[in-house]
Amino acid sequence: MVQPSVILCVGLSMLLLPGVMCEECPSCGDNAECTDGVCSCPDGLIGNPRVHCYTNWTKICTLTSDPLMLTFSAEKIHVTIVGATRLADLTVTRLIKSLSQKCKLVVWALTERIRGKLFIDGMKIKFTRVEDSGESAVTELLVKSSVEDGIVSWDFTIQETSNANFQSCCRFDEAIGSGSCSVDYGVGANNFYIFNFSCCNISVGIRPPIPGSNSTPAIWVDVPSPNVTYEDWEPGLEPICLSHDSYDIDSVVNETQLGDPWDAMSYLSLTNIGDLEYDGVPNNFTQLAQALRGCNKLATLAFYDDAVFALDTPPFINCISTSTTDQDGLVEFLLLVLDWFCVGDSISCAAAKGLVSTKCQGVANQNPRVQAFLGRSCSRNFDT
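Residue numbers (mature numbering (1 follows the signal peptide of the UniProt record, and there is no 0)): -22 to -1, 1 to 362.
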């Protein structure tokens, strides 16, 4: 496990302490230009200058705290996330010295709630390199942010690594076979924490929510377009970044059989976590994904018709939670609702209603959807 004490400002020839900004325009993206307080992408780059600029031969996926998705195919949609979600899952193939090398990248977005509102505050990366010989190296990286008095600090750990040689606080070489891959990491401009995987031209960046700042919290994944494939996806584990070719939001709608794109993408974000190992997800989060996936179609549709307020109403999420920042109470409530809708457990129904009446009566009095939920009969059968 590695925790650097000094952080490299990526792209600049200086070392900074965690939380120190590199530029004078903190609302800009990590590689944007700033003129008189206005952010813009440099010549030759495109994109959102408040998040990340990129070349026209790369593809980008971004997740900003609303949260708003920009998929690899440039589709925009709002999503909801509880705890964590599989953001990107892809493979980049390159030829190095006549040898084929594959870099597989999986990125999970980690979230927090502040008074019910959803924010991105960390990410987990699993980076695997495989050569033609079959030799492989796997590195797992975890980045979490904290903000105090407007100052951002980062907790970075390498959870598992093989064949890695650490040269300094901000770079390591992952040796495999006849070659190595240099990975630069650290605080870049404007409070972005950035990883650059040089051997496959992949970069990933994250900026947390900063109270009092007009900067946009975001995660971005930047990959070389011609060399990306997605053949390793497992059914049900599609990342919410999707792909830039045949798998798009309509594909998710058809696969989930949920007619509304927001419903379909939120379903995917709640159930695609896969093999994430991270202690910071809410209690019983894995059971939540399993319960939703195990629900029959009619019960799932009923859940999105009758109880989706629990996913998109910050005042309700705030009151049902056990504190202003955790998501354990929300997961507990959702599990009770799914046990009622999917299994027909009237005891869970009564318990879910009891939580709302005890903790969220004020919200229910002002929100017709919550009030209607309280009026539902616990004997209602969602199988027919």
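Ideal Cβ positions, reconstructed from N, Cα and C, are used throughout, including at glycine.
Bear in mind that the values here come from a model prediction, so they are computed numbers and not experimental data.
Span of the beta strand (DSSP E), counted from its first residue to its last, around residue i
| i | result |
| --- | --- |
| Asn26 | Ile24 to Asn26 |
| Cys297 | Per DSSP, Cys297 belongs to no beta strand (DSSP E); it is in the alpha helix (DSSP H), Pro292 to Ile298. |
| Ala153 | Arg149 to Ile154 |
| Ser114 | Ser114 to Glu126 |
| Ile55 | Lys54 to His56 |
Cβ shell of residue i (< 8 Å), same chain only, five flanking positions each side left out
| i | result |
| --- | --- |
| residue 415 | Outside the modelled stretch of the chain, which goes from -22 to 362, sits residue 415, for which no answer is possible. |
| Met47 | Cys39, Thr40, Leu41, Glu53, Lys54, Ile55, His56, Val57, Ile218, Cys219 and Met243 |
| Ser51 | Leu220, Ser221, His222, Asp223 and Asp226 |
| Trp318 | Ser324, Ser326, Cys327, Ala330 and Cys356 |
| Leu352 | Lys331, Val334, Ser335 and Ala342 |
| Tyr256 | Ala62, Trp86, Leu88, Lys102 and Leu120 |
Opening and closing residue of the alpha helix (DSSP H) in which residue i lies
| i | result |
| --- | --- |
| Asp284 | Lys275 to Asp284 |
| Val341 | Gln339 to Gln344 |
| Glu233 | Ile227 to Thr234 |
| Thr264 | Phe263 to Arg271 |
| residue 372 | No statement about residue 372 is possible, as the shown extent of the chain runs from -22 to 362 and does not include it. |
| Ser247 | Pro239 to Thr249 |
Anticipated Cβ contact below 8 Å, residue i with residue j, distance rounded
| i | j | result |
| --- | --- | --- |
| Ile298 | Cys327 | The pair is not a contact, with the Cβ atoms about 16 Å apart (cut-off 8 Å). |
| Cys19 | Ser5 | The Cβ separation is near 14 Å, so there is no contact. |
| Ala267 | Val315 | No, Ala267 and Val315 are not in contact; Cβ-Cβ is about 14 Å, not under 8 Å. |
| Thr291 | Asn345 | 7 Å |
| Glu216 | Asn250 | 6 Å |
| Ala269 | Val29 | Going by Cβ atoms, the distance from Ala269 to Val29 rounds to 34 Å, so no, they are not a contact pair. |
| Thr69 | Thr207 | 5 Å |
Residues near residue i by beta carbon distance below 6 Å, same chain, minus five either side
| i | result |
| --- | --- |
| Ile103 | Val85 and Leu119 |
| Gln349 | Ala342 |
| Gly307 | Ile298, Ser299 and Thr300 |
| Asn174 | Asp162 and Ser181 |
For residue i, the residue or residues it bridges with in DSSP
| i | result |
| --- | --- |
| Tyr163 | Phe173 |
| Phe319 | Answer is none; Phe319 lacks a bridge partner. |
| Ile98 | Thr89 |
| Trp198 | Thr40 and Gly183 |
| Lys82 | Thr69 and Thr106 |
| Cys12 | Cys17 |
| Thr63 | Ala87 |
| Trp132 | Ser123 |
| Ala142 | Glu152 |
| Ser158 | Ala153 |
Beta-carbon proximity list for residue i, same chain, < 7 Å, skipping 5 on both sides
| i | result |
| --- | --- |
| Leu312 | Leu266 and Ala288 |
| Val121 | Gly100, Met101, Trp132, Phe134, Tyr171 and Ile184 |
| Ile24 | Cys31, Tyr32 and Asn34 |
| Gly252 | Arg64 and Leu215 |
Item checked: Runs of beta strand (DSSP E) lying entirely within the segment 15 to 49, each at least 3 residues, in chain order -> 16 to 18, 24 to 26, 30 to 32, 36 to 42 and 46 to 48
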